[in-house]
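In the working numbering, the protein residues as written are -15 to 145.
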């Protein structure tokens, strides 16, 4: 079963400012500290500097949750596009996933405005789809990250104005 979910949010900051957050390793810090405090305990950089090929480890803060690794497969600074694939191992493999990718795109709307587009694409084995995918696949975490990013960007914009 192949699926796709998406979300968009407008932010009243230049696209370059939003990309400075999304296109770098600043985003994992925001996720831990502002989007999911207590739910995500830490995000460790296993290798890389934030460009394509970077591997991070997501360490949950909730009991019973398993850590997983993600790889930045594309970081296009010109198009302001980042693609991140969950490395299919452990829990994701056990749930029947064969592919799980998140993408983040910053689209310039005007001089002081942009749209944060987020997307989840996944493939899960048919026999595993019904009981597991609906519990795991959701755009809500990425929407929550976008909301936290919007708040963070607007707060920093107003403090530097």
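Where is the CB? At the ideal position from N, CA and C, for every residue including glycine.
Quick caveat, the model's predicted, so the values are computed rather than measured.
Annotation for residue 38: 32, 56 place their beta carbon closer than 6 Å to its own, counting only its chain and skipping 5 residues before and after. DSSP places residue 128 within a helical segment (H, G or I) once states are collapsed to three.
Between the alpha carbons of residue 82 and residue 35 lies a distance of about 24 Å.
With a 10 Å radius around the Cβ and a threshold of 16 neighbouring Cβ atoms, residue 21 comes out exposed. Beta-bridge partners of residue 30 (DSSP): none assigned. Residues -1, 3, 7, 89, 90 of the same chain have their beta carbon placed closer than 7 Å to that of residue 64, with the five preceding and five following residues left out of the count. Judged by DSSP in its simplified three-state form, residue 64 adopts coil rather than helix or strand. Within the region -2 to 55, the complete alpha helix (DSSP H) segments of 4 residues or longer fall at -1 to 6, 10 to 14, listed in chain order.
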